[in-house]
Structure formats: structure tokens, C-alpha cells
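Undergrad: Quick one: structure below, then a few questions.
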Amino acid sequence: SQTIHQWPATLVQPVGSPLSLECTVEGTSNPNLYWYRQAAGRGLQLLFYSVGIGQISSEVPQNLSASRPQDRQFILSSKKLLLSDSGFYLCALGRPNSPLHFGNGTRLTVT
Amino acid sequence: AQSVTQPDIHITVSEGASLELRCNYSYGATPYLFWYVQSPGQGLQLLLKYFSGDTLVQGIKGFEAEFKRSQSSFNLRKPSVHWSDAAEYFCAVVTGTASKLTFGTGTRLQVTL
């Protein structure tokens, strides 16, 4: 069965510091991968998605970037964090015409 | 552009009472629709989905939803709510290519004993 691993579960980082959140998946090959952010009191916003290695689509302009160095690895990064980057970050995998499956998320607090 | 609206930000029901969470979508073609549930600090769990066929779909945990094209709605229902159903519920629609999901802003359900 498909499994999504996200780490760390929680992270506290100072403003201006770099960020790297990792998502790895098991039990599937060549999935679509997604990064969503959930800010306090708001819904889920799609940040990036990838349909294959090295293929990244950005949904909204922001202080973040994403990379997919391997088929089952999706990384969310920032060179300098802003306070507004705080939120709950969810990785998801999907296939055409199928529901998305979500990881357990990383709660990022930028101080 | 495709969108999903959940008009109720917060709902409180008594345990054992019936529940209906509203969801309206805006989409030109036949939509693929989903309901997800999120417990505090957790990821999202799929409750049910609608792709085509029978407009009344059954999901996990005793939930069901009915697709009504004429009303552009996909409301979630449960006949008798349990205290463990307290969570946040998100309606979503597949939009564009790559099976991207657009979510509503969510409805937080509180269950009183």
C-alpha cells in the first residue's frame, strides 16, 4: 500500500533561516506529488506539484521552492524564511482520476 | 476558475443528532468531488469521493454525500454524530491537469455530549 513519510513533524525556525522539508513515498512509482500549506484559520493552498523527476509546477509566487530529485522524493525549501511562512505543510501523492493521499504534515513555526 | 465554497465555518451538534455539512462547487464539466476529514495536528483522511454514476455515495465512518448537479452541491451527511467525529471537514474538487485538488476553507465540527 502507498505510504507517505514527512519529516520533521514539527519545526521551529528563526526568520531568515533556511528550510528543507522532505517527503518520501513508498508503494508506488511515478506518482504525482504535491505540497499544500494550511495557514491558521485558512483552507489548504496548493503550493507546488510535480508529475515527474525534475518537473515542478508552482501555483503561487512565494518565498518557497520545490525539487524532485528522485521519483519518490519531494522537497520543499526556502533560502530565507519569513514569518508568513508559518503553517502546516502537507505532502500528498496522487494519480489521475484518483483521490489524493496525504502525509501527516509538518507544522512550521517561524519566530 | 474552479472553486469550492463551504459556507459554514463552524458547526456545533449534539452527539446522536444528524449532521449536514454544505459544499458548493463551481466547475464547468462534471466534477470529481471529495470530502476529507482532518483531526487536530493530523493530515487529511479521505471520507468519500464522487466520480460518476450514483449521485449518493457512501463513505467511511457512516458518512454519505449527495451530488446534486442542479444545485452545484455535494453536501456531506451523517444520521447520528459521535463525539469522535469532532474535526475539520474539507470539500474538494479536482481541477485542471495533474489531478490537482482545490479545497474549500473547511468546516470545523464540534460535538457536544
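Chain order of the listed sequences is G and R.
For what it's worth, our numbering labels the leading residue of the first sequence as 1, then goes sequentially.
For what it's worth, our numbering labels the leading residue of the second sequence as 1001, then goes sequentially.
From the three backbone atoms N, C-alpha and C, an ideal C-beta is built for every residue, glycine too.
Using a Cβ-Cβ cutoff of less than 7 Å, which residues in the same chain neighbour R:F1067 once the five nearest sequence positions on both sides are dropped?
TA: Within the same chain, R:F1067 has close Cβ partners L1033, Y1050, T1055, F1074.
Undergrad: Could you tell me the distance, in whole angstroms, from the CA atom of R:P1040 to the CA atom of G:A40?
TA: Computed Cα separation, rounded: 12 Å.
Undergrad: Check this for me: beta carbons of G:Q55 and G:G87, under 9 Å apart or not?
TA: Not in contact: G:Q55 and G:G87 (Cβ atoms no closer than 9 Å).
Undergrad: Is the shortest distance between the beta-carbon of R:F1051 and the beta-carbons of chain G less than 9 Å?
TA: Interface residue, yes.
Undergrad: Taking C-alpha atoms, which residue in G:A66, G:G94, G:V12 lies nearest to G:E22?
TA: Cα-wise, what sits closest to G:E22 is G:A66.
Undergrad: Interface residues of chain R around G:Y49 at Cβ under 8 Å?
TA: In chain order: A1098, K1100.
Undergrad: Which residues does DSSP list as the beta-bridge partners of G:H5?
TA: For G:H5, which the question treats as bridged, DSSP gives the partners G:T24.
Undergrad: Chain G beta carbons: is any one of them nearer than 9 Å to that of R:G1104?
TA: It does: the Cβ of R:G1104 has a partner Cβ on chain G nearer than 9 Å.
Undergrad: Would you say G:H5 lies against chain R (beta-carbon separation less than 9 Å)?
TA: It does not: the Cβ of G:H5 has no partner Cβ on chain R nearer than 9 Å.
Undergrad: At the 9 Å Cβ level, is R:L1044 part of the contact set with chain G, yes or no?
TA: Chain G contact via Cβ: present.
Undergrad: Bridge partners for R:T1030 per DSSP, in chain order?
TA: Beta-bridge pairing links R:T1030 to no other residue.
Undergrad: Which residues mark the beginning and the end of the beta strand (DSSP E) in which G:V15 is found?
TA: Element bounds for G:V15: n/a, residue is neither H nor E.
Undergrad: Report the residue from G:S78, G:T28, G:L44 whose alpha carbon sits nearest the alpha carbon of G:R95.
TA: Checking every option, the nearest Cα to that of G:R95 belongs to G:T28.
Undergrad: Kindly indicate the opening and closing residues of the beta strand (DSSP E) around G:S77.
TA: Counting along the chain, the beta strand (DSSP E) containing G:S77 begins and ends at 73-78.
Undergrad: Would you mind stating whether R:A1098 and G:N32 have Cβ atoms separated by less than 9 Å?
TA: Yes, the Cβ-Cβ distance between R:A1098 and G:N32 is below 9 Å.
Undergrad: Where does G:R95 fall in DSSP's three states?
TA: DSSP places G:R95 in coil when its eight states are reduced to three.
Undergrad: Taking 9 Å as the CB-CB limit, is R:G1041 close to chain B?
TA: Annotation note: the requested chain B is absent from the structure, which comprises protein chains G and R.
Undergrad: Taking only beta-carbon positions, decide if R:V1093 is within less than 9 Å of chain G.
TA: Taking Cβ atoms only, chain G never reaches closer than 9 Å to R:V1093, which makes this a no.
Undergrad: So what does DSSP say about R:R1022, is it helix, strand or coil?
TA: Coil at R:R1022, not helix or strand.
Undergrad: For chain R, is any of its Cβ atoms less than 9 Å away from the one on G:F102?
TA: It does: the Cβ of G:F102 has a partner Cβ on chain R nearer than 9 Å.
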